[in-house]
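Here's the structure, in structure tokens; my notes come after.
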Amino acid sequence: MKEAGILLPITAIPSKYGIGGFTKEAYEFVDFLKEAGQSYWQILPMGPTGFGDSPYQSFSSFAGNPYYISLDDLIAEGALTSEECEAVDYGKDERQIDYKKIYDTRLKLLNKAYKRTNLKGNQEFLDFVGENVKWLENYALFMAVKDYYGGKPWYEWDLEIKMANPKAMEEYSEKLQNEIGFWKYVQFKFYQGWMSLKEYANENGISIIGDIPIYVAYDSADVWSNPALFQLDVDKAPINVAGCPPDGFSKKGQLWGNPLYKWEIHKESGYVWWIYRIEHCFKLYDVLRIDHFRGFDEYYSVEYGSQDATKGKWEKGPKKSLFDAIKEKLGKKQIIAEDLGFVTEGVKDLLDECEFPGMRVFQFGFDKRDTGAKNDYLPHNYIENCVAYTSTHDNPTIISWFFEIDKEEREDVRNYLCDKFTPDSEIHLPIIGTVMRSQAKLCIIPIQDYLGYDSRARINKPSTLGANWTWRLSKNDITEELTKQIYEITRLSGRANRVE
Numbered sequence: 019m020k021e022a023g024i025l026l027p028i029t030a031i032p033s034k035y036g037i038g039g040f041t042k043e044a045y046e047f048v049d050f051l052k053e054a055g056q057s058y059w060q061i062l063p064m065g066p067t068g069f070g071d072s073p074y075q076s077f078s079s080f081a082g083n084p085y086y087i088s089l090d091d092l093i094a095e096g097a098l099t100s101e102e103c104e105a106v107d108y109g110k111d112e113r114q115i116d117y118k119k120i121y122d123t124r125l126k127l128l129n130k131a132y133k134r135t136n137l138k139g140n141q142e143f144l145d146f147v148g149e150n151v152k153w154l155e156n157y158a159l160f161m162a163v164k165d166y167y168g169g170k171p172w173y174e175w176d177l178e179i180k181m182a183n184p185k186a187m188e189e190y191s192e193k194l195q196n197e198i199g200f201w202k203y204v205q206f207k208f209y210q211g212w213m214s215l216k217e218y219a220n221e222n223g224i225s226i227i228g229d230i231p232i233y234v235a236y237d238s239a240d241v242w243s244n245p246a247l248f249q250l251d252v253d254k255a256p257i258n259v260a261g262c263p264p265d266g267f268s269k270k271g272q273l274w275g276n277p278l279y280k281w282e283i284h285k286e287s288g289y290v291w292w293i294y295r296i297e298h299c300f301k302l303y304d305v306l307r308i309d310h311f312r313g314f315d316e317y318y319s320v321e322y323g324s325q326d327a328t329k330g331k332w333e334k335g336p337k338k339s340l341f342d343a344i345k346e347k348l349g350k351k352q353i354i355a356e357d358l359g360f361v362t363e364g365v366k367d368l369l370d371e372c373e374f375p376g377m378r379v380f381q382f383g384f385d386k387r388d389t390g391a392k393n394d395y396l397p398h399n400y401i402e403n404c405v406a407y408t409s410t411h412d413n414p415t416i417i418s419w420f421f422e423i424d425k426e427e428r429e430d431v432r433n434y435l436c437d438k439f440t441p442d443s444e445i446h447l448p449i450i451g452t453v454m455r456s457q458a459k460l461c462i463i464p465i466q467d468y469l470g471y472d473s474r475a476r477i478n479k480p481s482t483l484g485a486n487w488t489w490r491l492s493k494n495d496i497t498e499e500l501t502k503q504i505y506e507i508t509r510l511s512g513r514a515n516r517v518e
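Residue numbering for the sequence shown follows the working numbering, beginning at 19 and increasing consecutively.
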């Protein structure tokens, strides 16, 4: 059965509180998805973010972003007042998130709610802490100590706590007991809010596609508390870091800076950390997209301290042994492999062996370096076991892309669509229709592409800082007309979750 879904980050949901979250607008978005005949809602990683606000650079692989907690829920509980929440300046532009204002205000409100909440006799809270003890204790301590040191990364803390010396851990746990309690409360409210929203989505026939980066941030509770799993020296400084080599898009490559895994240690343990990570993800999501899947076949290693990624080298990854271990412990799971970019034979073999669907993006079908009818990204070449997209969070919107490519490429697009008459400003519709009619078992369309929005609605431009992850949907964007239009496209493509 062919199915369809829509991509929209939680952050981009309309909200009067400056950033999307688990509010009534999120539930209304689920209602819209159902009415539009969709079966999936794809989101981006939901971890707490730091500098740059990227969801792919989080303080934890397991924790949730405090910004998503519904302030309306806290008002309803009596932990906050509507006057307190409405008095805060969240930014004036409903289309853009002002992360500085959110950072300066949101945790203060949550702290007020924490101080007014009696958790001692709250069995739901106590159960949550007990069920998540493997990661929550270290994360809460990590965040409390980070606050104690004025937000500095853990590798700039005093030596004993930087090295996670047991005695220092005990001392800080005692000294920062109240602060640790706050961070546990924040996670409790996050998970409470998310699981309620996910349950509502599932009850309405909408499955959630989550997303995780292959790597974790250096300044994270994961690395601080589990240094043996990463390529670090005796002082916990990285030896080698992640990136990708120079290509047609980046002459000096991309230097991501994430510490690399010690795969031999993971393998010796039976991949226990990875199994727990994936198991945790499937409590949150129905399907999981794993970013940079190529890194499991082979990964690009750059010496720590390098100015760019020009002198890195490829190293062997865990390959199928990791996914065999996951399958043995957790059973067969629905995983989407992000296999974009230069796909080696090794990656193709790994995908085939694991039977994971890869991704196909329409925009890549007209790359001058890979032209012709055999291009894997042209919809007539999509295999059934793939997930098709018009664009992704890392691409320009489909309309912007069409105007950015040159005249010859635009002519190729028109010829491919057999469409000479649709105005340029509406070309997103025949493109969406073409992708939806492909053989791909699942099609995911970013909401911006359905709306025909330009580059101002782009989510992320890789290798840049300052203007990413900020776009938001307006409360007036989702109209009855749009809902009917999406439903008809989905129905006529044989992908609707209901037929009227």
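The C-beta atom is built at its ideal place from N, Cα and C for all residues, glycine as well.
| query | result |
| --- | --- |
| Take the Cβ of C299 as the centre, count every other Cβ of all protein chains shown within 10 Å, and call the residue buried at 16 or more, exposed below. | buried |
| With respect to the beta strand (DSSP E) encompassing A260, which residues constitute its N-terminal and C-terminal limits? | 258-262 |
| Decide if Q195 is buried, meaning its Cβ has at least 16 other Cβ atoms within 10 Å, or exposed. | exposed |
| What is the DSSP secondary structure of W274, counted as helix, strand or coil? | strand |
| Which first and last residues belong to the beta strand (DSSP E) in which W332 is found? | 331-334 |
| For L369, which of F311, R124, C436, D385 has the nearest alpha-carbon? | F311 |
| Per DSSP, what kind of secondary structure is Q75 in: helix, strand or coil? | coil |
| Alpha carbon to alpha carbon, how far is K366 from F200? | 46 Å |
| Just how far apart, CA to CA, sit G335 and G313? | 6 Å |
| Can at least three beta-carbon pairs, one atom from the segment 432-440 and one from the segment 321-328, be found at a separation below 8 Å? | no |
| Please tell me whether P84 and I477 are closer than 9 Å, where the distance is taken between their beta carbons. | no |
| Bridge partners of D229, per DSSP? | R307 |
| On the DSSP bridge list, what partners appear for Q60? | L25, I227 |
| Could you give the first and the last residue of the continuous alpha helix (DSSP H) run that contains E371? | 363-372 |
| Taking the alpha carbon of P256 as the point to measure from, which residue in C262, G512, N276, W59 has its own alpha carbon closest? | N276 |
| Considering only the alpha carbon of each residue, which of I93, Q210, S456, I416 lies closest to L144? | Q210 |
| Applying the 10 Å Cβ sphere with the 16-neighbour rule, what's the burial state of E197? | buried |
| Which residues in the same chain as A44 place their Cβ atom closer than 6 Å to its Cβ, once the five residues preceding and following it in sequence are excluded? | I31, L215 |
| Taking all protein chains shown into account, do 16 or more other C-beta atoms lie within 10 angstroms of the C-beta of K126, making it buried, or fewer, making it exposed? | exposed |
| Could you pull out every unbroken alpha helix (DSSP H) segment of at least 4 residues lying fully inside the segment 384-462, listed in chain order? | 416-422, 425-435, 446-454 |
| Helix, strand or coil: which one does DSSP assign to G376? | strand |
| On the DSSP bridge list, what partners appear for S319? | A260, K331 |
| Are the CB atoms of V259 and Y322 nearer to each other than 9 Å? | yes |
| Please classify R490 as buried or exposed, where buried requires at least 16 neighbouring CB atoms within 10 angstroms. | buried |
| Please list the terminal residues of the continuous beta strand (DSSP E) segment that includes P355. | First, the amino acid is wrong: residue 355 is Ala here, not Pro. Element bounds for A355: 353-355. |
| Would you kindly report the start and end of the unbroken alpha helix (DSSP H) that includes I293? | 290-302 |
| What's the C-alpha gap between E373 and L51? | 28 Å |
| Looking only at DSSP bridge pairs, what is W153 linked to? | DSSP output for W153 lists no bridge partner at all. |
| Count the other CB atoms, across all protein chains shown, that sit within 10 Å of the CB of I179; report buried if there are 16 or more and exposed otherwise. | buried |
| Nearest by alpha-carbon distance to I344: which of Y279, S287, V163, G484 is it? | S287 |
| From T508 to I37, what does the alpha carbon distance come to, in whole angstroms? | 29 Å |
| With a CB to CB cut of under 8 Å and the five nearest residues on each side skipped, what residues in its chain are close to I450? | T408, I416, I463, D467, Y468, I507 |
| Looking at A355 and I308, is the spacing between their C-beta atoms short of 9 Å? | yes |
| Going by other Cβ atoms of all chains shown within 10 Å of its Cβ, with 16 needed for buried, is P184 buried or exposed? | exposed |
| Do I115 and G39 have their C-beta atoms within less than 9 Å of each other? | no |
| Any chance the segment 144-161 sits against the segment 121-135, with 3 or more Cβ pairs inside 8 Å? | no |
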